[in-house]
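Right, one structure below, let's go through it.
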Amino acid sequence: MTAATGGVAARRAVARWALRMFCREWRQQLLVLGLLTLAVAATLLGTAGGYTMAPSPEAKFGRSDLLFRLDASDPDAAAADLAAIKKGFGPTELVAHRYERIPGSIETLDLRAQDPRGRYRSGTLALRSGRYPRGTGEVALTDAVASTLEAGVGASLRLGGVDRTVVGLVENPEKLDDEFALIAPTPDGLDGSQSLVALVAATQDQFDAFERHSHSSWDHEWKPRSDRDAASAVLGLAAFGMVLICLVAAAAFVVVAQRRLRQLGMLAAIGATPRHLRLVMLVNGIATGIAAAVAGSAVALAGWVVVGPRLETVASHRVDRFDLPWSITGWGLVLAVLTATVAAWWPARTVARIPVTLALSARPPRPRLAGRSAVLALLLVGAGVVCLARADQTEGLLMTVGTVSTILGVLLSAPTAIRVLGRAARRFPVAVRLTMRDLARYQARSGSALAATSLALGIPVAVVVASTAAEHGADEGNLSDRQMLVRILDTDPDVSIVPDRTAGELASLEAQVDRMAAELDQPNLLPLDAAVDPDVEAKGDFEGGAPGRPAVTLGTRKDEDTFHDVVAYVATPAMLRYYGLNAASLDAETDVLTARPEQLVLRGEDPRVPPDVVSHRGRLRVPAYGSAPATLLAESLVRRRGWETALVGWFLETDKPLTSAQRATAREIAADAGLTIETRFDERRLWALRDGATALGLAFALGILAMTVGLIRSEAAGDLRTLTAAGATSRIRRALTASTAGSLALLGVLIGTLGAYLGLAAGYVGDVGALSRVPVLHLTLLAAGVPLVALVAGWLLAGREPSLRQ
């Protein structure tokens with residue numbers, strides 16, 4: 129037998145022995161398998177969630193490849209374009225859109241004509257109750273539109289100038305927040321439509337030929353080539369999952385290596401080489417990875433059947449339980465096995481270098497100094513922060529590199545944190561002191577467990593903080609939750625046209641607003657006046673048939689030739705009293721009172737005349753609500769310019785937040801009176817995201833803690849037996865487990881939260897103020913809840929006297 133053949137035989141023998149040991153000691157490795165199974169299941173569920181959360185191109189394209197947008201304001205031109213499209217591509221499906229003002233609201237409604245059995249977009253319509261509309265006088269509504277209009281199946285309402293009966297409730301299953309009113313399509317789709325969408329099946333060559341022959345440009349859009357292609361998000365989630373698996377597995381395999389130290393020492397004593405010793409642990413890692421991949425995929429599939437449909441609200445489309453990225457999932461399982469093998473490699477490398485005598489004594493090697501990992505952690509965190517700051521939330525590559533670098537840097541700080549904890553042990557009671565020093569003594573497994581816990585907590589903390597930063601604060605947004613703006617104008621609020629109203633019409637509107645105020649428990653009610661230049665001619669026919677004139681408009685400069693309109697009201701005595709001011713206290717030269725810090729200009733009707741810069745302005749110290757009357761024209765300026773004033777609306781403010789019932793009642797009264805109302809915009813989706821991230825972070829972190837603490841304490845069973853024999857009570861044993869769980873949880877919370885805020889601060893470097901809104905409740909649940917639950921659970925579940933069996 130040659131040396132090479134003998135070496136192969138020896139490796140096979142060692143591998144078989146390692147596999148038999150794995151099967152024989154499966155009970156001792158249940159916690160290891162449980163840890164890896166949990167990590168694999170979480171990774172697969174995260175991958176499925178990321179895939180599902182991606183917006184579906186089916187919502188817009190259906191089964192078509194290409195869509196054209198046509199302007200239907202000129203029916204003849206639209207008909208000619210439509211004929212050209214049909215000639216160039218063949219079968220075409222039309223979806224017609226007309227946008228109507230919702231009665232009593234500033235919002236518009238998409239009055240959509242679409243065939244439920246269309247060639248391409250039939251999958252974008254689903255009937256929830258009733259039936260689809262068939263004639264001119266019938267309509268079907270989505271749930272949000274039905275709720276806004278308070279119109280169920282069988283109700284009558286007027287939309288688009290036509291009295292219609294609601295015959296059904298519908299939805300777009302590919303985009304649940306697509307709100308519209310569905311009407312029956314006409315043959316050509318041009319009956320009163322404002323725009324048309326033409327859907328066709330086409331290739332790029334067909335389109336190029338079509339465009340060459342048409343000699344005109346087309347407003348078109350191609351369907352993305354992959355169905356809900358969320359590859360980048362899925363790969364990012366899978367990468368995070370693999371890092372987590374590696375960390376968890378490394379802690380587990382350190383425990384396994386320590387448990388088998390005497391056996392490996394015996395192998396070395398009879399002639400096994402370091403390569404053979406490494407092979408023992410690598411085979412164990414491969415076997416564990418395969419078992420965990422199978423079990424984890426089963427758990428993930430069962431969990432997805434339960435959890436998947438509950439993501440529909442956040443994902444905004446219906447979720448098919450078996451519509452999953454199976455190919456990516458398969459690669460995820462392969463990566464799980466490879467990751468488990470890689471995680472076993474470092475403990476294998478360590479035990480292979482332990483001297484035989486030390487291995488036979490089963491004593492752990494001295495922990496290495498953590499200075500090198502601390503320096504590397506600082507370098508990685510610094511590089512990550514720089515990349516995120518340079519990315520400015522726009523450069524995808526820099527954001528990815530910065531995020532990964534920051535996470536790795538934070539995770540590499542775990543060994544340093546463990547050593548600092550060990551040095552601080554002398555200040556604590558005996559049981560806690562033993563725990564902390566034990567964690568520092570077994571630094572490899574403790575550091576990996578802490579890194580996994582930090583990552584499991586850092587991700588939900590980042591999600592919670594980022595969603596809070598994206599949300600309007602209590603003093604931001606369009607209005608507060610106690611305010612309501614009532615407008616006489618029934619057009620876009622940015623179009624400052626004041627309709628001519630008679631005294632009788634204004635008195636009738638005021639009576640309706642008084643009725644609305646009575647329903648809202650008599651709020652503070654302020655009339656809103658706008659300034660009108662009498663020298664400017666009336667602008668044609670206003671909506672509803674009444675002529676109107678433009679209000680005096682202020683603006684903030686975007687660039688040299690572009691301005692952003694600012695709604696300005698007259699500073700009447702009532703308005704000044706609302707802000708705690710009076711006319712006598714104002715500077716006589718003050719032209720404008722405003723809460724805006726930007727420079728304001730007074731714009732005229734003639735674009736050739738440069739706007740006047742408002743140089744005399746007073747400061748209003750009010751919250752920065754976008755629609756509130758926070759810019760006022762002084763009455764002295766109105767008189768000096770010879771302007772007139774006209775009532776354009778009312779501003780209401782209640783003592784308590786407005787309820788949904790009060791908003792619905794106000795909207796109904798406004799619709800009957802021909803008024804529009806505006807209240808604070810809803811942000812409940814961000815709340816749901818924050819609640820979900822907190823719940824998942826709590827569950828995931830506690831699961832990892834339970835298993836890692838179980839591993840650590842099971843490995844210390846011999847020491848616990850010694851303590852029990854020396855007289856340690858159940859209180860001491862409970863304190864050992866509770867302090868182990870609490871210490872890891874507290875350090876994990878601190879490291880995870882610090883890492884999340886470092887990354888977010890760098891990402892929001894241009895708007896750091898957004899992070900000043902702290903989600904106190906959710907962060908308290910994560911920062912205090914995880915250590916507290918870990919501490920209490922460790923105390924309650926420990927204390928049993930250890931068995932004397934080895």
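Residue 129 is where the sequence shown starts when you use my numbering, and the numbers rise one by one after that.
All C-beta atoms, glycine included, are put in the ideal place defined by N, C-alpha and C.
As the structure is a computational prediction, the values presented were derived from the model and not from experiment.
Taking C-beta separations shorter than 8 Å and ignoring five residues to either side along the sequence, the partners of Arg818 in its chain run Val591, Val592, Ser595, Thr596, Pro903, His906, following chain order. Boundaries for Val893: no alpha helix (DSSP H) harbours it, and the DSSP string shows neither H nor E there. Under DSSP, Pro678 shares a beta bridge with Ile625. Pairwise C-beta distances place the stretch 213-220 in contact with the stretch 333-343, as three or more of them are shorter than 8 Å. Restricted to the stretch 718-802, the alpha helix (DSSP H) segments that are unbroken, complete and at least 4 residues in length are 763-769, 788-801, listed in chain order.
Taking a contact to require three or more Cβ pairs closer than 8 Å, the stretch 761-772 and the stretch 788-797 do not qualify as touching. For Glu299, there is no enclosing alpha helix (DSSP H); the enclosing beta strand (DSSP E) has its first and last residue at 290-299. Beta-bridge partners assigned by DSSP to Val660: Ala679, Glu772. Classified as exposed, Arg390 has fewer than 16 neighbouring CB atoms from the shown chains inside 10 Å of its CB. Assigned with DSSP and collapsed to three states, Val593 falls in helix. Excluding the 5 residues flanking it on each side, Val893 has same chain C-beta neighbours closer than 6 Å at Ala517, in chain order. DSSP places Gln332 in no beta strand (DSSP E) but in the uninterrupted alpha helix (DSSP H) bounded by 332-342.
Contact between the stretch 795-807 and the stretch 630-648 is established, with three or more Cβ pairs separated by less than 8 Å.
Using a C-beta cut-off of 8 Å, the stretch 873-888 makes contact with the stretch 913-924, since at least three inter-stretch Cβ pairs fall below that distance. DSSP places Thr236 outside any alpha helix (DSSP H); the residue lies instead in the beta strand (DSSP E), whose first and last residues are 236-241. Ranked by how close their Cα comes to the Cα of Val514, the residues Ala400, Ile398, Gly530 have Gly530 in first place. Three or more beta-carbon pairs separated by less than 8 Å link the stretch 552-568 to the stretch 858-869, which places the two stretches in contact.
For the pair Leu682 and Ala712, the Cα-to-Cα distance works out to about 24 Å. Around the beta carbon of Trp778, a 10 Å sphere encloses 16 or more other beta carbons of the protein chains shown; the residue is thus reported as buried. In the three-state reduction of the DSSP assignment, Trp346 falls in the coil class. With respect to the 8 Å criterion, Gly417 and Ala464 are classified as neighbours on the basis of their beta carbons.
In its chain, beyond the 5 residues on either side, Gly296, Val298 have a beta carbon closer than 7 Å to the beta carbon of Leu255. Contact between Gly512 and Ser533 holds: their C-beta atoms lie close to 3 Å from each other, under 8 Å. Inter-residue distance for Ala396 and Val479 is about 11 Å (C-alpha atoms, whole angstroms). Taking a 10 Å sphere around the C-beta of Leu287, we find 16 or more other C-beta atoms and assign the residue as buried.
Between Val294 and the set Glu307, Arg724, Leu269, the nearest pair of CA atoms involves Leu269. Of the other Cβ atoms in all chains shown, 16 or more fall within 10 Å of the Cβ of His404; this residue is therefore buried.
Counting only the Cα atoms, Val422 lies some 30 Å from Ala138.
Gly831 places its beta carbon 8 Å or farther from that of Leu195. Judged by beta-carbon spacing, Val589 lies within the 8 Å limit of Leu910, meaning their Cβ atoms are closer than that value. For Leu392, the closest alpha carbon among the candidates Asp663, Gly891, Ala146, Thr630 is that of Ala146. A residue is called buried once 16 or more other Cβ atoms fall within 10 Å of its Cβ, and Ser425 is buried on that count. Taking 8 Å as the upper bound for CB-CB distance, Arg240 and Leu310 are in contact here, some 6 Å apart. For Ile311, the three-state secondary structure derived from DSSP is strand. Taking a 10 Å sphere around the C-beta of Gln727, we find fewer than 16 other C-beta atoms and assign the residue as exposed. Under DSSP, no beta-bridge partner is assigned to Phe150.
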